[in-house]
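Engineer: Line order of the protein sequences matches chains G and A. Take 1 as the starting number for the first sequence in the working numbering and just add one per residue. Take 1001 as the starting number for the second sequence in the working numbering and just add one per residue. Built from N, CA and C at the ideal position, the CB exists for glycine as well. It should be emphasised that the depicted structure is a prediction, and the values quoted were computed from it without experimental measurement.
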Amino acid sequence: MSRSLLEIERLQVAFELPHGRVAAVKDVSFSLAEGETLALVGESGSGKSVSSTAILRLLPEFAATRGAIHWHGSQGRENLLAASSRRMRHIRGNEISMIFQEPMTSLNPLQRIGRQVREVLDKHTKLRGQAAQRRVIELFEQVGIPEPERRVASYPHELSGGQRQRVMIAMALACEPRLLIADEPTTALDVTVQAQILALLKQLQRQYGMAILFITHDLGIVRHFADRVCVMRHGEVVESATTRELFASPRHDYTRMLIEAEPRGRKPPVADTAPVIMQARDLKVRFALKKRLFRPSDYFEAVRGIDLTIRQGQTVGIVGESGSGKSTLGRALLRLLQSSGDIHFEDTDLTHLDSGTLRPLRSRMQVVFQDPFGSLSPRMTVGEIVSEGLRVHHPELTRRQRTERVIEALEEVSLDPATRQRYPHEFSGGQRQRIAIARALVLKPRFLLLDEPTSALDRSVQATVIELLRNLQQRHGLTYLFISHDLAVVRALADTVLVMKEGRVVEQGETEALFRSPRETYTRELIRAAFLEQVA
Amino acid sequence: MTTEHTATHPGAGDLPAGESLGRDAWRRLKQNRAAMVSLVLLILIAIACVVGPWLTPWGLNEVNWNAFRAPPSLADGHLAGTDANGRDLLTRTLYGGQISLSVALVATLVSLVIGVLYGAIAGYLGGRVDNLMMRFVDIMYSLPFMFLVILLMVVFGRNILLIYAAIGAVEWLDMSRIVRGQTLALKRREFVEAARALGVRSRTIVMRHLIPNTLGPVVVYVTLTVPKVILLESFLSFLGLGVQEPMTSWGVLISEGVDMMQGAPWMLLVPSTFLAVTLLCLNFLGDGLRDALDPRTR
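See the structure below:
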């Protein structure tokens, strides 16, 4: 084993909040050798990000830190928790650097990206002027930004998410750090981009001989990327082992649960003779880009002519990367967006209905959204949220009957009915998603649009929500349109899959056949990236 | 929380059907001591201004020929002293409070009701409607306020109601802009889309989903509007466009008091104390309301 680089001993972090002390990290110890990749794995709230942020002492002021963080840097072994702020400034970005989850917000939108990378060089190196510029271009080349000479003058909004993350990596690498802390660097990215970024990090690690502390909730990435793994839960390390050992023989129950939380099972097929419940022909959606007063506007076509048939009891999966138009398609089917083309729901042609004549149909087609934080009004109680649809569609119900239906719906999604007087912020992400499902179910719909219903949830919570959706489908014969970028989930839930790209269907077919032998290159690429077969 | 509930629902009627935001907010407000003290004080001031003038031994325009610019004393019944014309200051301050408080109340209500509705509707409907509605606001902004007031005076003659109308016509503009901005951000949130998918009418979406969620900034802005309006009224009165002698208002009394600050400091201190206490109470109450209306703060 090579020389030790970082040792964290009995690290504790507590936040002093107005209503008391919250222990975010309780007694965490791990170490990292030079050139090694260590993954910190855990679900949200496990303290993995807090532990890594503590290394650079970037925690907010109300955080109390105890323990020791020994760093073997340019000045020998030192305890970072005791280092001066001047020394810390020297270490940050120079000896240890960090990349974050959100490539959209980590860059200053008003500065050219080349300048932002040069700022690091100005701080930590003696490179100035032309030399600095050459170094920036060299860095951009290394992180795989096309036409680096031209790109240095670009603003962040001119780059895609993946390219921005590459710029962040270039910034982090500018001073050739010995340790790179990567906090969920690919979570916000599409799967194909994620695979590219991971491959890039691997290659740069070899090139610079740096260690990587990789924070993630995704065990799929860990398996292909890390040398060793620390599994964290509730602020403690529950298990730490080499990657191979961990996946071959997990010792702790929690680790086993995480590994097994990968979505499993397949959907039993539906007969081809089942009645068609939703059908769309040549569906198109376009958005006006720039409204002009006297000239026709410019349009962006988000959905460019899609045919779709969904039968009673089926689950149709729609997969695609961000911007492929899959969410737009779903919203257009429910007539939440204006579209052209034909939409038939049950026996009704939705195309020309206005909002009044459409309203009675709405109780039979419902939707569950991705963001369990954004989809519930923060100022309404759970009871009010769930009963809202009843007020619209069954105004004849008495208050008592309404409450009964709400209780029934909450029980259906395994929530305690007594919680209906509480507000959404008091619930966890998974519970909120259950509330959103209850809101849809209370109307006893036949068709449910599920727009990334599990994407914002931790894997273990995801598994329970998937199980719930499955049970509900069986019990009520529901029909789902399941939109997701998560191919594993779609594979477990869907009868047929549509692969979308740039507003068109690239490929569609029966789920298992499509995953086993995709015909189109794009589908193949997507599947390979999702199951991370190319990152070795 | 995620335990199974297999029992058939126990009599749903036994359980309260869930508190509405209003009742819940009131419960939380009651726990906020500063806000409650402020509320009580405000009510007391309001009652004093309405009832007080009958209880004081002096009338609004009644001159005590023995006491010009007399300091406060218990002996002659001038609890807050008299002004330069020998009129009882406490009586005048309480009468002035009627004007100031009612102007504040009316202008704030107008700005609240019109501004919030107008802004929320413009923001929610968006597009061309929004454009037209906001251009109307811009036009209103561009009218010189003084010109508007003088025009009203010329057309309708001098009347205290015109002051209410003029101030109300201007104050809702800011509010509608604030609410519109909030609404633009809120309407893209998924809970609004979910409500649309449920078939909820636009009117209900605006009233139940959008407006309650804009309340935080609205309440803060209201607490800023009240002092602004009170001062605006005194400014108008100072120009001779507002209330006229012998009627008065806190703003007028304060500006008179400033002139007499050296010889008769009570003339400044009494009305400005009333004004300051009122504004302070409104601020505490506003903070309390903002927190109480947000279920996330406990």
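In whole angstroms, what is the alpha-carbon distance linking Ala-438 of chain G and Pro-1227 of chain A?
Structural biologist: In the first sequence, residue 438 of chain G corresponds to position 438, counting from 1. In the second sequence, residue 1227 of chain A corresponds to position 227, counting from 1. The alpha-carbon atoms of Ala-438 of chain G and Pro-1227 of chain A are separated by roughly 46 Å.
Engineer: Shorter than 8 Å from the beta carbon of Phe-300 of chain G to some beta carbon of chain A?
Structural biologist: Here residue 300 of chain G corresponds to residue number 300 of the first sequence, with the count starting at 1. It does not; no Cβ of chain A falls within 8 Å.
Engineer: Between the region 1268 to 1295 of chain A and chain G, which residues of the former have a C-beta closer than 8 Å to a C-beta of the latter?
Structural biologist: Cβ contacts with chain G: Leu-1293, Asp-1294 and Pro-1295.
Engineer: Is it true that the region 1044 to 1063 of chain A meets the region 1078 to 1095 of chain A, where meeting means three or more beta-carbon pairs spaced less than 8 Å apart?
Structural biologist: At 8 Å Cβ cutoff, the stretches touch.
Engineer: Do you know whose CA, among G:Ile-277, G:Leu-308, G:Leu-40 and G:Gln-101, lies nearest Ala-188 of chain G's CA?
Structural biologist: Translated into the one-based positions of the first sequence, residue 188 of chain G becomes position 188. Nearest C-alpha to Ala-188 of chain G: G:Gln-101.
Engineer: Could you say which of A:Ser-1272, A:Ile-1047 and A:Ala-1264 lies nearest to Ser-1234 of chain A if we only look at CA atoms?
Structural biologist: In the second sequence, residue 1234 of chain A corresponds to position 234, counting from 1. Per the Cα distances, A:Ser-1272.
Engineer: Report yes if the C-beta distance between Arg-577 of chain G and Leu-258 of chain G is below 8 Å; otherwise report no.
Structural biologist: No information on residue 577 of chain G is available, as it lies outside the stretch 1 to 536 that chain G covers here.
Engineer: Does Pro-18 of chain G come within less than 8 Å of chain A when only Cβ atoms are used?
Structural biologist: Your numbering for residue 18 of chain G matches position 18 in the first sequence. Taking Cβ atoms only, chain A never reaches closer than 8 Å to Pro-18 of chain G, which makes this a no.
Engineer: Quick check on Asp-1138 of chain A: buried or exposed, where buried means 16 or more other Cβ atoms within 10 Å of its Cβ?
Structural biologist: Locating residue 1138 of chain A in the second sequence gives position 138, where the first residue counts as 1. Classification for Asp-1138 of chain A: exposed.
Engineer: Measure the C-alpha to C-alpha separation of Ile-1114 of chain A and Arg-359 of chain G and round it to an integer number of angstroms.
Structural biologist: Start at 1 with the first residue of the second sequence, and residue 1114 of chain A comes out as number 114. Start at 1 with the first residue of the first sequence, and residue 359 of chain G comes out as number 359. For Ile-1114 of chain A and Arg-359 of chain G, the distance between alpha carbons rounds to 29 Å.
Engineer: Mind pulling the alpha helix (DSSP H) runs of 4 or more residues that sit fully within the region 98 to 134 of chain G?
Structural biologist: Those alpha helix (DSSP H) runs which fall completely within the region 98 to 134 of chain G and span 4+ residues are 113 to 124.
Engineer: Once the 5 residues before and after Val-167 of chain G are set aside, which same chain residues still bring their CB inside 6 Å of it?
Structural biologist: On the first sequence, position 167 is the one that residue 167 of chain G refers to. These residues qualify, in order along the chain: Ile-113.
Engineer: Look at Gln-338 of chain G and Thr-309 of chain G and say whether their C-beta atoms are less than 8 Å apart.
Structural biologist: Along the first sequence, one-based indexing puts residue 338 of chain G at 338. Along the first sequence, one-based indexing puts residue 309 of chain G at 309. Not a contact, by the Cβ cut-off of 8 Å.
Engineer: Going by alpha carbons, who is nearest to Glu-43 of chain G out of G:Ser-517, G:Leu-487, G:Met-500 and G:Val-461?
Structural biologist: Looking up residue 43 of chain G in the first sequence gives position 43. Ranking G:Ser-517, G:Leu-487, G:Met-500 and G:Val-461 by Cα distance to Glu-43 of chain G puts G:Val-461 first.
Engineer: Taking Gly-73 of chain G as part of the alpha helix (DSSP H), name the residues at either end of that continuous run.
Structural biologist: Here residue 73 of chain G is taken as the residue at index 73 of the first sequence, counted from 1. Not the alpha helix (DSSP H): Gly-73 of chain G falls in the beta strand (DSSP E), residues 63 to 73.
Engineer: Does Arg-92 of chain G come out as helix, strand or coil in the three-state DSSP assignment?
Structural biologist: Within the first sequence, residue 92 of chain G is the residue found at index 92, counting from 1. Here Arg-92 of chain G sits in strand by DSSP.
Engineer: Using beta carbons (cut-off 8 Å, strictly below), is Val-41 of chain G in contact with chain A?
Structural biologist: What you label residue 41 of chain G is simply residue 41 of the first sequence in a count that begins at 1. Chain A contact via Cβ: absent.
Engineer: Please name the residue in G:Ala-440, G:Leu-329 and G:Gln-421 whose C-alpha comes closest to that of Met-593 of chain G.
Structural biologist: There is no way to answer for residue 593 of chain G, as the model of chain G reaches only from 1 to 536.
Engineer: Just to confirm my understanding: we take Asp-1014 of chain A, look at its own chain, exclude 5 residues before and 5 after, and list those with CB closer than 6 Å. What are they?
Structural biologist: Walking along the second sequence from the start, residue 1014 of chain A turns up at place 14. Annotation note: pLDDT 39 at Asp-1014 of chain A (below 50); position unreliable, no value reported.
Engineer: Could you list which residues in chain G have their beta carbon closer than 8 Å to that of Asn-1213 of chain A, in chain order?
Structural biologist: Sequence index remark: in the second sequence, residue 1213 of chain A carries index 213 (1-based). Here the neighbours are Ser-377, Pro-378 and Arg-379.
Engineer: Does Lys-326 of chain G pass the burial test, meaning 16 or more other C-beta atoms within 10 Å, or should it be called exposed?
Structural biologist: Counting from one through the first sequence, the residue named residue 326 of chain G turns up at place 326. Buried, by the Cβ-count rule.
Engineer: Locate the alpha helix (DSSP H) running through Leu-1148 of chain A, then write down its first and last residues.
Structural biologist: As a working note, residue 1148 of chain A is residue 148 in the second sequence. 1145 to 1156 is the extent of the alpha helix (DSSP H) around Leu-1148 of chain A.
Engineer: Say whether chain A places a C-beta atom closer than 8 Å to the C-beta of Phe-15 of chain G.
Structural biologist: Position 15 of the first sequence holds residue 15 of chain G. For Phe-15 of chain G, the answer is no, since every Cβ of chain A falls outside 8 Å of its Cβ.
Engineer: What are the partner residues of Asp-183 of chain G, as DSSP defines its beta bridges?
Structural biologist: Looking up residue 183 of chain G in the first sequence gives position 183. Answer by DSSP bridge pairing, in chain order: G:Ile-215.
Engineer: By the 9 Å beta-carbon criterion, what residues does the region 378 to 397 of chain G contribute toward chain A?
Structural biologist: The region 378 to 397 of chain G vs chain A, Cβ under 9 Å: Pro-378, Arg-379, Met-380, Thr-381, Val-382, Gly-383, Glu-384, Ile-385, Ser-387, Glu-388, Gly-389, Arg-391, Val-392 and His-393.
Engineer: Cutting at 7 Å between CB atoms, please list the residues of its own chain near Pro-1072 of chain A, excluding the five before and the five after it.
Structural biologist: Reading the second sequence from its first residue, position 72 is the one you call residue 1072 of chain A. Answer for Pro-1072 of chain A: His-1078, Leu-1079, Ala-1080, Gly-1081 and Trp-1266, listed in chain order.
Engineer: Of all the alpha helix (DSSP H) runs that stay within the bounds of the region 197 to 271 of chain G, which reach a length of 4 or more residues?
Structural biologist: For the region 197 to 271 of chain G, whole alpha helix (DSSP H) runs of length 4 or above, ordered along the chain, are 219 to 225, 243 to 248 and 253 to 260.
Engineer: Quick one: which chain G residues come within Cβ less than 7 Å of Arg-1189 of chain A?
Structural biologist: By 1-based counting over the second sequence, the position of residue 1189 of chain A is 189. Ordered by position in chain G, the residues that pass the 7 Å Cβ test against Arg-1189 of chain A are Gly-374.
Engineer: Taking 8 Å as the threshold (beta carbon to beta carbon), is Thr-1003 of chain A in contact with chain G?
Structural biologist: Numbered from its first residue, the second sequence carries residue 1003 of chain A at position 3. Because the pLDDT at Thr-1003 of chain A is just 37, under 50, the model does not fix this residue reliably, and the value given afterwards should be weighed accordingly. Judged by the 8 Å Cβ criterion, Thr-1003 of chain A is in contact with chain G.
Engineer: Going by the C-beta, is Ala-241 of chain G closer than 7 Å to any heavy atom of the ligand GTP?
Structural biologist: Of ligands this structure carries none, so the ligand GTP is not represented either.
Engineer: Between the region 409 to 421 of chain G and the region 446 to 459 of chain G, do three or more beta carbon pairs fall short of 8 Å?
Structural biologist: The answer is no - the region 446 to 459 of chain G does not touch the region 409 to 421 of chain G, with fewer than three Cβ pairs under 8 Å.
Engineer: Grab the span of the alpha helix (DSSP H) containing Ser-546 of chain G for me, first residue to last.
Structural biologist: Shown here, chain G extends from 1 to 536; a query on residue 546 of chain G therefore has no answer.
Engineer: Do you know offhand how far Ile-1150 of chain A's Cα is from Arg-1069 of chain A's?
Structural biologist: As a working mapping, residue 1150 of chain A is identified with position 150 in the second sequence. As a working mapping, residue 1069 of chain A is identified with position 69 in the second sequence. Roughly 34 Å separates the two Cα atoms.
Engineer: For Met-1191 of chain A versus Ser-375 of chain G, is the C-beta spacing smaller than 8 Å?
Structural biologist: On the second sequence, residue 1191 of chain A is found 191 positions in, with the first residue counted as 1. On the first sequence, residue 375 of chain G is found 375 positions in, with the first residue counted as 1. Looking at the sequence itself, residue 1191 of chain A is Phe, so the reference to Met does not match. A contact, by the Cβ cut-off of 8 Å.
Engineer: Here's the rule: buried if 16 or more other CB atoms are within 10 angstroms of the residue's CB, otherwise exposed. What is Glu-239 of chain G?
Structural biologist: Taking the first sequence and counting its residues from 1, one reaches residue 239 of chain G at position 239. Buried is the call here.
Engineer: Using a Cβ-Cβ cut-off of less than 8 Å, list which residues of the region 459 to 470 of chain G approach chain A; keep chain order.
Structural biologist: Cβ contacts with chain A come from Thr-464.
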